[in-house]
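Trainee: Below is one structure. I have some questions about it.
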Amino acid sequence: MNRGELVQSLVEETGLPKNVVRTVVNALPTVVAKGIREGESISMKGFGSFVPWQQSERLARNPKTGEEVMITPRVSVKFKAGSDLLKELNE
Numbered sequence: 092m093n094r095g096e097l098v099q100s101l102v103e104e105t106g107l108p109k110n111v112v113r114t115v116v117n118a119l120p121t122v123v124a125k126g127i128r129e130g131e132s133i134s135m136k137g138f139g140s141f142v143p144w145q146q147s148e149r150l151a152r153n154p155k156t157g158e159e160v161m162i163t164p165r166v167s168v169k170f171k172a173g174s175d176l177l178k179e180l181n182e
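For what it's worth, the numbering used here labels the leading residue of the sequence shown as 92, then goes sequentially.
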């Protein structure tokens with residue numbers, strides 16, 4: 092499902108105007124990224140949690156050349172599905 096299909100599904104599910112749903116869907120990644128950048132976890136009860144974690148600097152290998160390269164440390168995100176989402180997926 093792409094962004095447009097997500098917007099359309101939410102319009103049908105909620106009955107909200109399409110332009111309102113599109114605005115919210117477009118703002119969500121920015122808001123989540125801002126919270127994670129500040130070191131916060133983003134939790135939506137029943138749906139799941141986005142948790143930031145720090146990847147450490149490590150040695151890796153370029154698969155094409157075999158050359159060893161150092162990967163710089165960075166912030167990444169883990170998603171843990173909530174119980175309601177898992178129930179919905181496994182019915």
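Ideal placement from N, C-alpha and C gives every residue a C-beta, glycine not left out.
Confirm, please, whether the CB-CB distance from E182 to I162 is below 8 angstroms.
Mentor: Result no, Cβ atoms of I162 and E182 do not sit closer than 8 angstroms.
Trainee: Tell me which same chain residues have a C-beta within less than 8 angstroms of the C-beta of M92, skipping the five on either side of it?
Mentor: Hits under 8 angstroms: S100.
Trainee: Which value, in whole angstroms, describes the spacing of the CA atoms of G130 and V112?
Mentor: The straight-line gap from Cα to Cα measures roughly 27 angstroms.
Trainee: I want to check one thing, is the minimum distance from the CB of G139 to the heavy atoms of the ligand NAP below 7 angstroms?
Mentor: This structure simply doesn't include the ligand NAP, nor any ligand for that matter.
Trainee: Where do the N-terminal and C-terminal ends of the beta strand (DSSP E) with L150 fall, by residue?
Mentor: L150 -> beta strand (DSSP E) spans R149 to R152.
Trainee: Strictly by DSSP, which residues pair up with K171?
Mentor: S140, per the DSSP bridge assignment.
Trainee: Taking the Cβ atom as the reference point for each residue, do V166 and Q145 lie within a distance shorter than 8 angstroms?
Mentor: Contact flag set, yes.
Trainee: Would you identify the three-state DSSP class for E103, choosing helix, strand or coil?
Mentor: If DSSP states are grouped into helix, strand and coil, E103 belongs with the helices.
Trainee: Where does E266 sit, in a helix, a strand or coil, going by DSSP?
Mentor: The first residue shown for the chain is 92 and the last is 182, placing residue 266 beyond what the model contains.
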